[in-house]
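Have a look at the structure below, then the notes.
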Amino acid sequence: MEEKDPLISLNNISYAYPGGETEVLRDASIELSAGSAIGLVGLSGAGKTTLLDLMSGLLEPTGGRVCIDGDPLNDRRRKAWRQTVAYVLQDAQLVNDNVRYNVAPFDDEPQDAEIWAALELAGAGDIVRALPDELETVLGERGSRLSRGQRQRISLARALYLKPKILFLDEATSALNPADEAAIVETLRGLRQQTPIVV
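In this note's numbering, the protein residues as written are 479 to 677.
Okay, structure coming up:
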């Protein structure tokens with residue numbers, strides 16, 4: 479039986495942080511289906527990251543409900559859902575290990591061809607080829623050997639390596655120059671046919 483396309487729906491979602499009286503979100507509704515991309519735009523503190531956290535299952539709404547393929551995202555389904563999505567943050571999280579580990583940290587037998595493919599998709603292939611030991615190059619504490627924009631590309635490559643059902647980007651290209659950002663946006667535009675994207 480063919481797997482149904484992933485679909486996220488937020489139905490009249492509200493959210494207030496623990497201990498807070500003011501709702502960050504109130505009665506928000508969004509649907510994301512296969513082949514689509516959504517861009518969330520708003521002022522700082524408007525709730526964009528909170529929406530991503532709700533859609534990815536990191537937070538539970540205080541009102542309304544999140545559904546995946548029409549079924550409520552409850553405690554029983556939350557862990558499995560999180561394992562099918564990729565979330566790229568504005569501040570790229572890298573560790574003091576080599577490029578290979580930073581792109582495929584949870585893969586016991588990472589395939590170099592797949593790592594390179596993810597790096598190319600993220601526009602990081604040339605960056606890694608310029609490093610002294612390519613995939614074996616240790617990136618330093620928090621990726622200190624790379625610029626902020628380069629760290630974001632490696633972080634994006636890690637997300638793409640996972641081949642996620644949904645890709646969440648929280649200002650993940652903010653450190654790139656306009657030309658590089660435009661190139662990655664073009665790549666993401668092509669990817670959305672197989673991986674829905676929320677930016």
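Quick reminder that beta carbons are idealized off the backbone N, C-alpha and C, glycines included. Quick caveat, the model's predicted, so the values are computed rather than measured.
By the 10 Å Cβ neighbour count, where 16 or more other Cβ atoms means buried, how is residue i classified, buried or exposed?
i	result
Met479	Here Met479 scores only 44 on pLDDT, less than 50, and its place in the model should not be relied on; the value that follows carries that caveat. The residue is exposed, with fewer than 16 neighbouring Cβ atoms inside 10 Å.
Val563	buried
Gln672	exposed
Val566	buried
Val581	buried
Gln589	exposed
Thr548	Just to set this straight, residue 548 is Gly in the shown sequence, not Thr. So Gly548 counts as exposed.
Leu521	exposed
Phe584	exposed
Ala558	exposed
Gly525	buried
If you check the beta carbons only, do residue i and residue j fall under 7 Å apart?
i	j	result
Leu503	Ile491	yes
Pro674	Ala512	yes
Val663	Gly517	no
Arg578	Leu613	yes
Val606	Leu597	yes
Leu530	Asp648	yes
Leu609	Leu638	no
Ala657	Gly601	no
Excluding sequence positions up to five away, which residues of its chain have a Cβ less than 7 Å from the Cβ of residue i?
i	result
Leu532	Leu488, Ile491, Tyr493, Pro539 and Val544
Arg620	Leu572
Thr527	Asp648
Asp483	In this prediction, Asp483 scores a pLDDT of 43, lower than 50, which makes its location untrustworthy; no coordinate-derived value is stated.
Ile593	Arg578, Val581, Ala582, Leu613 and Tyr639
So, under 8 Å CB-CB, residue i and residue j are touching, yes? Tell me the CB distance rounded to an integer number of Å.
i	j	result
Arg560	Gly535	5 Å
Ile632	Ala570	7 Å
Ile486	Ile546	6 Å
Once the 5 residues before and after residue i are set aside, which same chain residues still bring their CB inside 6 Å of it?
i	result
Gln628	Ile605
Arg636	Val581
Arg556	Gly535
Asp505	Asn490
Phe646	Leu530, Ser534, Tyr565 and Val676
Ser550	Checking the sequence, you will find Pro at residue 550 rather than Ser. Result list for Pro550: Arg543, in chain order.
Should residue i be counted as a contact of the ligand GDP given a C-beta to heavy atom distance under 6 Å?
i	result
Val519	Among the ligands in the structure shown, none appear at all, so the ligand GDP cannot be discussed.
Please go through the segment 562-650 and give each complete beta strand (DSSP E) segment of 3 or more residues, from N-terminal end onward. 563-566 and 644-647
3 or more residues per run - each beta strand (DSSP E) lying fully within the segment 480-561: 486-493, 503-510 and 541-546
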